[in-house]
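Worksheet: one structure, shown below.
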Amino acid sequence: MNNRVITPSGAALLWGISFGERDKITEALASESVPLEWVQAGTRRTKEAAAQAGGTIDDLLITTLEYWARKDYGGRLEERYDGSIHLVREEQDDSPENQ
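Here it is, written out as structure tokens:
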């Protein structure tokens, strides 16, 4: 089994929450009480990403995060030497909510 840790930024991308609200996400993850609407949004976004991918999906989480990185931010995911995965934006968005 692959045990993964998703960061607040990863959760924001999965749930469709602005990066500016990472503190709320951190609190929810720490309390193990994620709001139902976030869970529902994550389910909906995962289904949309899977439908757009078509065919066989090897890693649904990565497929979902890649899809929303492109769609929401015009970016891509990049794996670093330590195995961590980061959002790389092709065009920098300097709005306060995305800092």
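Numbered according to the working numbering, the sequence shown spans residues 1 to 99.
For glycine and all other residues, C-beta sits at the position ideal for the given N, C-alpha and C.
Alpha carbon to alpha carbon, how far is residue 7 from residue 80? Give it in angstroms, no decimals. Looking at the two C-alpha atoms, the distance is approximately 15 Å.
Nearest-angstrom Cβ-Cβ length linking residue 53 and residue 63, presumed shorter than 8 Å: 5 Å
Rounded to whole angstroms, what's the CA-CA distance from residue 37 to residue 71? Just pull it up for me. 20 Å
CB contact flag (residue 25, residue 41, <7 Å): no
Secondary structure at residue 25, three-state DSSP: helix, strand or coil? Helix.
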